[in-house]
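Peer 1: What follows is a structure written as structure tokens; I'll ask about it next.
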Amino acid sequence: MVTFTLNGRQVEAEEGSTILEVAETYNVKIPTLCNHKALEPAGLCRLCTVEVYDGRRTRFVTSCNYPVWGGMEVKTDSEDVIRHRKMIVELLLARCPNNEFVKGLAAEFGIEATRFKLEEDDCVLCGLCVRMCAERMGVSAISMTGRGTDIRVETPFQIKSDACQVCGACESVCPTGRIDVREIAKYEPRPLLSDWEVGLQERGAAYMPFPQAVPLAAVIDGEACAHVRTGNCGVCREFCEAGAIDLDMKEEIIEVEVGSIILATGYDLMDPSPMKQYGYGVYPNVFTSLEFERLSNATGPTGGVILIRDENGELTVPPKSVAILHCIGSRDVNHHEYCSRVCCMYALKYGHLIKEKVGHETKVYNFYIDLRCFGKGYEEFYRRLQEEGITFIRGKAAEITDQAITPEEEGKLVVIGEDTLLGKRLRVPVDAVILCMAMEARSDALDVGRIFGVSQGADGFFLEEHPKLGPLNTATDGVFIAGACQGPKDIPDAVSQASGAAAKSLALATLGKVLVPSTISWIDPNICAGCQTCIGLCPYTAIEFDARRGVSVVNEALCKGCGSCAGFCPSGAAQVRHFNQKQIFAELDGVMDAISAVGI
Amino acid sequence: MSKLQSQKDYEDFRDQVKKERDPERLLVSICAGSGCGAYGTEEVREALEQEVSKNGLKQKVEVKVTGCHGFCEQGPIMVIHPQGIFYPKVKPADIPEIVAETIVKGEVIKGKLYKDPVSKKRIQKEEDIPFYKGQHRIVFGNNGMIDPAKIDDYIAVDGYSALVKVLFSMSPEEVISAIKESGLRGRGAGGFPTGIKWETCRKAHGDIRYVMCNADEGDPGAYMDRSLLEGNPQSVLEGMIIGAYAIGSHDGFIYVRNEYPLAVKNIGIAIKQAEEYGLLGKNILGSGFDFTVKISRGGGAFICGESTALMRSLEGQVGRPRAKYVHTVDKGYRDSPSTLNNVETWANVPVIINKGAEWYASLGTERSKGTKVFSLVGKVRNTGLVEVPMGASLRTIIFDIGGGIPKKRKFKAVQTGGPSGGCIPEDLLDLPVDYQRLAEVGSIMGSGGMIVMDQDTCMVDVARYFLDFLQEESCGQCVPCREGIKRLLEILTDICAGNGKEGDIELLEELAGTVSKLSLCALGGTAPNPVLSTIRYFRKEYEAHIYDKKCPSGVCKELFYYEIDEKKCNGCHVCFLRCPQEAISGEKKKPHTIDQEKCIKCSICYESCKVDAVAIK
Amino acid sequence: MEDYEPTIIAFTCNWCTYTAADLAGTSRLSYPPNVRLIRVMCTGMVDPKYVIKALLEGADAVLISGCHIGDCHYMNGNLKARRRVKLLKELLPRFGFDEQRVKLTWIGASDGIQFAETITEMVPKLKALGPNEVRNQMVL
Amino acid sequence: MAKIAKIEVKEQNPLNSLQGFFKTLLEQGEISAILVPQHLPMKDVVMPTLVTDPEKLNGTDPLAPVFPMNAAKLVSRLTGKPLGGSVAVVLRPCEIRAFIELVKLKQGRMEEVILVGIDCLGAYSNVDYPRFVGDDGTQATLRFCQNALAGKSTAVEDFDLSPACKACEYPIAENADVLIGLVGVDINQQMLVKANTPEGEALLEKLKLPEAKEPDGRKKAIDSLVAQRVAYRDKMFAETTEATSSIEKLTSYLANCVNCFNCRVACPVCYCKECVFVTDVFDHEPTQYLRWAKRKGIIKMPTDTVFFHITRLAHMSTACIGCGQCSNACPNNIPVMELFRTVSSHTQKAFDYEPGRSVEDEPPLSIFREGEFLELTGGKE
């Protein structure tokens, strides 16, 4: 620790720290421009200059990189210091008289005009971008080229850089907004879209997964994070005051020994893009149900204000009319035959929300096949919405178009369908359309199923052991399923099933032991020749060799009864109980006898 | 040549070399420094050798091509030993006569001797010439006796005896304390006490230490380091080895600008020869001390003479300075402790070791010891390299040694220390030149540049000129230096163009203050010196430019015109004939006049008028 | 031989093809009645003897059917079965058993349709092949 | 490069010299015993003997053209568990190959055993050998060797070498530790001793035999011998394929089978302690016989004969090394060897498996891989 005087006050500081750092801890403000927490101080802008008196003479040093030492006297805002700083700012203002940032800086220093000739630049040559690119990103796609007054920030030979990794770090630190990564990079920057907001919002490589995440902690997208990809950057560490970021954390495989497993992997929302007739992806204001969910959510991209896209694609306009199309992809022989179960009720909810949030004059049209409002209070809710003035049209919408044929259709989306109750063809112009997409099995259900030994039903969802007797069980003992991975279901159903699955797991845990199936292998020691081939074939390492007796022995706790051993054992020493050779042959004889008796 | 492996090996060899040299033997030394070289040394040498062999004198006469003798104004210089006959401005055509008369007969050719412009007398010996007489040449003295490509020549003048002394009878601490006691200060620009620098570096934490020689001499008109490297590279090398021994370093670099091809070549030869002799490399002279030197060629950026920029350049990065709050002696090249000294500093080291710190400290002033080499250029008769003890007055240097201002012009100012030095006026001519005094009057020692200016020099234009140089040579990193110099230059350019306005001088002063105080490195720190010193001593000239829109020295073309004084003009018609624009009219023997419409102010008439009838208005 | 009805003995794994056959039934899919299922826990437990014996007893074809590769409830039982079937396919044709009389398929639990199709495809082919000659031989 | 030495033959009696070699082996080879065939007191019997006393090696005759049993089974017994000393076993190539198969099936171990192989010129069947041997077994052996090596007929009266030997493409025991070479060598002068493994080289080192080179004619002689046997074999394959091409023909082929299971007992690679066909799996219910008979109208008794043979083919045709002991052992002269070798040629090829080649090769049914035999399921996994 060293002690020195800071603006007349005795202060203490760690050896090796800089004046700027110490001043910050003592709440002494020193202006900076080229300083950045994540970068080595360079002392280029000289704005942080302070006066240091060493007992003999006064010197002006840059506080960002001047290390403190005991006994020195530092003045951060002497008249001279302020005068010099003002001159620096005035010089910058002369260089960039039209730049908002520099104008703001000048205003802070009370400078209205500069006494020097005006230039038209918007780079203050603070070097932050260059240093960020070199020091933190390890790329040096840009650098300060030239010398003296010719110095500027450029890519080598002013050619668009293919070394640039389009990380945008340069842009993010540029105070004046001069840096545009598009001018630097050879490749087009790609925005990172938030999964949680179904692509309606951008996010950084480090982000909060979603508002109600537990634990509510930020995550880093390894595929986008420059540090993970290249070992560089790591700037976030400098900014996290809690010191919570550990970029050296490695992906690790954690082996957890458990007695049972509950699969609750959820569902995928069907992608409407291939269903060209609905124009998803073509018309900006055709939304999927999940997108609309985010649009109406208080933590969503619009903060819960229901807005649709303007001509620039920004969410700014409240809709005057909305069509909600039920059963898109479900109850459809071309896609999924099953009913997705939840759409009717959320569609009703959306109607209610639109009326409530956008205004009662907003028109809401539901195009439905049937409204399936089973369940407590559901039918009542339906009735209430009818009273709220929502239009229900029985008939599945056939097409969405922007081709107007009447003046009132101009600039609108037109839903083409049929009111089957009236037997009338309809064209309904609206501002926005919500597609109630089918819920479908996760795209990776096959792989997940393989890992856990769970089959998929014809619809792709995980297959329960038995629809009535084993709705939570799977073909694999100890593996249970809950929620939409088993089939479309709404929240109360998912919660019920999950509770059941949890109870099943707990029941196993409480018991502390499981009954092994009787269908397991047994090796007759009197017959076994000890060739040990079965040991190599056993997928569960359930067979051991008893060297003393020279025979292989089945560990009954490990054996699952697959019969890999029995399928090979030439002497028949290894047999699966209930499926032994004698039984199979008897079965075979029986079958053949019976066939010969009846002819087929 | 097998390696010298002990002190005795060295001494035996040195004695042998000396024995082989007959002090009475005829030796013709021709200067091949860059100055003389440009005047045609090579042709002179060829003619001489031809003539010598034609006369069958090859065995009798040794022709030696040496480094710079310093008196560049008079090149090519030839000195004939043992008599020490000094022939300036030798041309190939002179050779037959010189051989016939001086070499064969031993006769002096009076007409070819140096004629002192002040006393108008012919002078036979080098040491009697005023230019040399006033000097004290401890660093440069041997240049005339050494062929830079022959290490034996250096050893013959006791070269490397200092290294032997250090290696076999002194501890590194003793070497450092000798250097400290000698009072040697860095000759590059900073003037930092060399011994303290070495001591700090020796004590700094680190396994590897480096020593470096700064030969990036960038000041326009300065060439003492160049001449030393070209003429006596072994002395620099010996200094570096001694320094490395004292500091505990085993790796050295010489950072030399690539625009000095002869220096690069000669130091390269010197390194190779020293290695062959076992004076450099592994286990030097069997002492167990290892030291190797590599040459790094710089691209010629002025800023690369700055220590941190130089080291970055050495590391392969762009040569830009960093803040020196952590000193390079602690963390320099590759973050290891590094000692950087300039060529002249290194060359002083063997002298100090050989002659003793006390002797060295007896030269110079209280806080500036030893001698300093200046490159004396500009409006002065005897341009060349001048080595004088610290404390010699400007007057001694410029008038006694330099021979004063030619063409009867009046002395106006001298700028010391290169482009960022200050301009010192006539009334300070008796100022003893040392680090403190120069600083006190607003200039710097720099690396020893000295530009003399006469009455025809516009001081505003001078300041503008140097800032123009500095604007380009600034590294451009820090705001005050880059933006500040640019603006200083902008204002000066306006003033020179007649667009000066009230307040400009004050703005210059204010801005210069910020630039000098806030810049990151010494380039910015000293850059305003030309402006500030000229304002300080020649404020009136500024005012004349701004308020009267006049350039009293007749330099700033927008601000004066030439006029022929009818009373003085004798109608010699010379100006009429020489004017490229045919702007002068008048009959012979009658006063002439200048047509201002046609005049482009080229100054030819002004220069050529014998009766000073052309006046600046 | 018009009224010849081939007999198929199918060794089906408990987790996939047996379930698929069940699904075919509960789905009311119709397929020829010529197949008799012998349920095994895994195709990996099917001893080549079973196939030989079935053919020697007069079955016209033996179908071994289990989970798709990678889906095996016991990880890799089907891989082992595949090698054994390969052996049988080399061995049995030496003695005049047509190669088509031993068939290996992978039919997942949800593939009721595929099970029905497999049988539906097999029967006419076997009819074309004619009955297994062992039916009329005195050997077992 | 294999190391080659020679046994110098004195008095034109290679057998004596070979016996001398075995003595040296036992005395200097740091081994505990030699397993080697020897004429037993009964004049026409040659049986493997386990010898520890060098003096008891006088009757050894590994060159006798007979091998009443495949000695691999004996070596398996010797090496199944640690033996406590190293033993040199003098074997025919087919015996070595059988032993290698048994080692894969953990029925024997390579440790503590030095495999000494001798070029095999073939053997007569157990029944024919006494007719061949006459009064002096040793002389008969020498006579046989000279004849066979000279390429002269080995046929005697109405019999010749057993078909298995005639069809054997492996006369040279290349995978023995030490190989004694006869083919292409003038055995009245010398016999080759070749070390194929580091163990063999170490042994040869100890014996200090004179070094030798492989005679120029040896490779050619071997090639010619193999070619002759391959020709015989291929003819045999063709005949057997035809003779068993339908189940009806197979039944006739095996008609004499009485379920004595001698073939499987004699088979060196049929390693089961107890054959499944003698377990209770085949203790059929009496009523079952009646049901079978009812189904077909007639069944041959005993039942399960064809089933037994096809099953045995399924179990071990991939491991069949073709020694012919099955045929040798059949009381009813069923050409079992011919059937097995013919089928094996297909099953071994299917798995690209060559039995007896190396202990590193894994038996086809003991392993499995992803992505193989996709044609079985229509090219898909």
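Residue numbers (this note's numbering), protein chains in the order written: chain A, 1 to 600; chain B, 1001 to 1617; chain C, 2001 to 2140; chain D, 3001 to 3381. Just so you know, even glycine gets a beta-carbon here, dropped at the ideal spot from N, CA and C. Predicted model only: the values in this text are computed from it and were never measured.
Can you give me the C-alpha to C-alpha distance between Phe-2011/C and Leu-588/A, rounded to a whole angstrom?
Peer 2: 10 Å
Peer 1: If the cut-off is 7 Å on Cβ atoms, which residues from the segment 544-576 of chain A count as contacting chain D, listed in chain order?
Peer 2: Phe-568, Pro-570, Ser-571 and Gly-572
Peer 1: Where does Ile-1155/B sit, in a helix, a strand or coil, going by DSSP?
Peer 2: helix
Peer 1: Could you compute how far the alpha carbon of Ala-3221/D sits from the alpha carbon of Gly-3297/D?
Peer 2: 57 Å
Peer 1: Give the straight-line distance between the Cα atoms of Ile-1284/B and Ile-1303/B, rounded to the nearest whole angstrom.
Peer 2: 35 Å
Peer 1: Are there three or more Cβ pairs, one per stretch, closer than 8 Å when the segment 1263-1282 of chain B is compared with the segment 1228-1239 of chain B?
Peer 2: yes
Peer 1: Helix, strand or coil: which one does DSSP assign to Gln-1415/B?
Peer 2: strand
Peer 1: Verify the CB distance criterion: does Tyr-1435/B have a CB-CB separation below 9 Å to chain A?
Peer 2: Any Cβ of chain A closer than 9 Å to the Cβ of Tyr-1435/B would place that residue at the interface, and such an atom is absent.
Peer 1: Considering Cα atoms alone, identify which of Leu-353/A, Val-358/A, Asp-402/A and Gly-16/A is closest to Arg-384/A.
Peer 2: Leu-353/A
Peer 1: Could you tell me which residues DSSP pairs with Thr-1345/B in its beta bridges?
Peer 2: Thr-1345/B pairs with nothing; no bridge assigned.
Peer 1: Counting only Cβ-Cβ distances shorter than 7 Å, please list the residues of the segment 3337-3350 of chain D near chain C, keeping chain order.
Peer 2: Val-3343, His-3346, Thr-3347 and Ala-3350
Peer 1: Do you know whose CA, among Lys-37/A, Ala-23/A, Leu-93/A and Leu-125/A, lies nearest Gly-1476/B's CA?
Peer 2: Leu-125/A
Peer 1: Which residues of chain D have a Cβ atom closer than 7 Å to the Cβ of Ser-596/A, listed in chain order?
Peer 2: Arg-3295
Peer 1: Out of Ala-1323/B, Thr-1200/B and Thr-1526/B, which has the shortest C-alpha to C-alpha gap to Gly-1190/B?
Peer 2: Thr-1526/B
Peer 1: So, under 8 Å CB-CB, Val-3269/D and Cys-3320/D are touching, yes? Tell me the CB distance rounded to an integer number of Å.
Peer 2: 7 Å
Peer 1: Which runs of the beta strand (DSSP E) fall wholly inside the segment 1080-1111 of chain B and span at least 3 residues, in chain order?
Peer 2: 1085-1087
Peer 1: Do Val-1531/B and Ala-1512/B have their C-beta atoms within less than 9 Å of each other?
Peer 2: Taking 9 Å as the Cβ cut-off, Val-1531/B and Ala-1512/B qualify as a contacting pair.
Peer 1: On the DSSP bridge list, what partners appear for Trp-2106/C?
Peer 2: Gly-2066/C
Peer 1: With distances taken from CA atoms, which of Leu-435/A, Ala-438/A and Asn-473/A is nearest Phe-452/A?
Peer 2: Asn-473/A
Peer 1: What are the residues of the segment 2092-2107 of chain C that lie near chain A, defined by any Cβ-Cβ distance shorter than 9 Å?
Peer 2: Look at the segment 2092-2107 of chain C: it has no residue with a C-beta under 9 Å from a C-beta of chain A.
Peer 1: When the Cα atoms are used, what is the spatial distance from Met-2001/C to Val-3359/D?
Peer 2: In this predicted model, Met-2001/C has a pLDDT of only 47, less than 50, meaning its place in the structure is not dependable; the value taken from the coordinates is given anyway. Rounded to whole angstroms, Met-2001/C to Val-3359/D spans 52 Å at the Cα level.
Peer 1: Which chain A residues sit within Cβ distance under 8 Å of Lys-3208/D?
Peer 2: By Cβ distance, chain A contributes nothing, its closest Cβ being about 39 Å from Lys-3208/D, past 8 Å.
Peer 1: So Lys-3106/D contacts chain A; which residues on that side make the cut at Cβ distance below 7 Å?
Peer 2: Going along chain A in sequence order, the residues near Lys-3106/D (Cβ under 7 Å) are Gly-530, Cys-531 and Gln-532.
Peer 1: Distance, Cα to Cα, Asp-1434/B vs Lys-160/A?
Peer 2: 53 Å
Peer 1: Check whether the Cβ atoms of Leu-91/A and Pro-1480/B lie closer than 9 Å to each other.
Peer 2: The criterion of a C-beta distance shorter than 9 Å is satisfied by Leu-91/A and Pro-1480/B.
Peer 1: Applying a beta-carbon distance threshold of less than 7 Å, which residues of chain D neighbour Gly-536/A?
Peer 2: Ser-3366
Peer 1: Quick check: is the beta carbon of Pro-2032/C nearer than 9 Å to any beta carbon in chain D?
Peer 2: no
Peer 1: What's the C-alpha gap between Met-132/A and Cys-236/A?
Peer 2: 13 Å
Peer 1: On the premise that Arg-294/A lies in contact with Pro-301/A, defined as a C-beta separation below 8 Å, what is that separation, rounded to the nearest angstrom?
Peer 2: 6 Å
Peer 1: Report back the beta-carbon spacing between Leu-1363/B and Gly-1370/B to the nearest angstrom; my notes put them in contact at under 8 Å.
Peer 2: Confirmed, about 5 Å.
Peer 1: Please name the residue or residues paired with Glu-171/A in a DSSP beta bridge.
Peer 2: BP columns for Glu-171/A are empty, so no partner.
Peer 1: Please classify Asn-2132/C: is it buried, with 16 or more other beta-carbons within 10 angstroms of its beta-carbon, or exposed?
Peer 2: buried
Peer 1: Are the C-beta atoms of Gly-2025/C and some chain A residue less than 9 Å apart?
Peer 2: no
Peer 1: Any C-beta of chain D sitting closer than 9 Å to the C-beta of Met-208/A?
Peer 2: no
Peer 1: Any Cβ of chain D within less than 9 Å of the Cβ of Pro-2048/C?
Peer 2: yes
Peer 1: Reducing DSSP to helix, strand and coil, say where Tyr-280/A ends up.
Peer 2: strand
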